[in-house]
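Using this note's numbering, the first residue of the sequence shown is number 3, and each one after it goes up by one.
Just so you know, even glycine gets a beta-carbon here, dropped at the ideal spot from N, CA and C.
Since this is a predicted model, take the numbers as computed values, not measurements.
Contents: one structure, followed by commentary.
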Amino acid sequence: MRQFGLLIGRRDVAEFVRVASVSDIQPGTAREVTVRDRVLAIFNVDGKFHVLDGICPHAGGPLGEGKLQGNIVTCPWHGWQFDVTTGQHCLTPQICQQAFVCCEEGDDLLVEIPDT
3 MRQFGLLIGR RDVAEFVRVA SVSDIQPGTA REVTVRDRVL AIFNVDGKFH
53 VLDGICPHAG GPLGEGKLQG NIVTCPWHGW QFDVTTGQHC LTPQICQQAF
103 VCCEEGDDLL VEIPDT
């Protein structure tokens, strides 16, 4: 993993945190994890990982437990759909889930979590 410098004394700097094993999330599947009180939804689309805020903005449903078809996840509670590659709601462009940068390091899946 590349790192681009060190900022001493900054508390708003993001860091990469291990969230899962790559081998545990097969293509076409999703998983929900909690990191620093954030619920994240991890999606494997054809071997490429995408991470979104895991709480559906409609009614708080668990997106990581939704049905993944291609790059679209459907919330299991009320059917809202999001493009997991962008976080964009499929019908309402003004609605967008927060997407997180992720990378693989060996069998570890790392997600960039902002320090709050």
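In the same chain as Cys58, and ignoring 5 residues on each side of it, the C-beta atoms closer than 7 Å to its own belong to Leu65, Cys77, Trp79 and Trp82, in chain order. Distance check between His60 and each of Phe51, Cys98 and Cys105 places Cys98 closest, using alpha-carbon atoms only.
The beta strand (DSSP E) runs lying completely inside the region 52 to 98 and spanning 3 residues or more are 69 to 71, 74 to 76 and 83 to 85, given in chain order. It is roughly 15 Å from the alpha-carbon of Ser25 to the alpha-carbon of Val35.
DSSP places Val24 in the helix class (H, G or I) of the three-state scheme.
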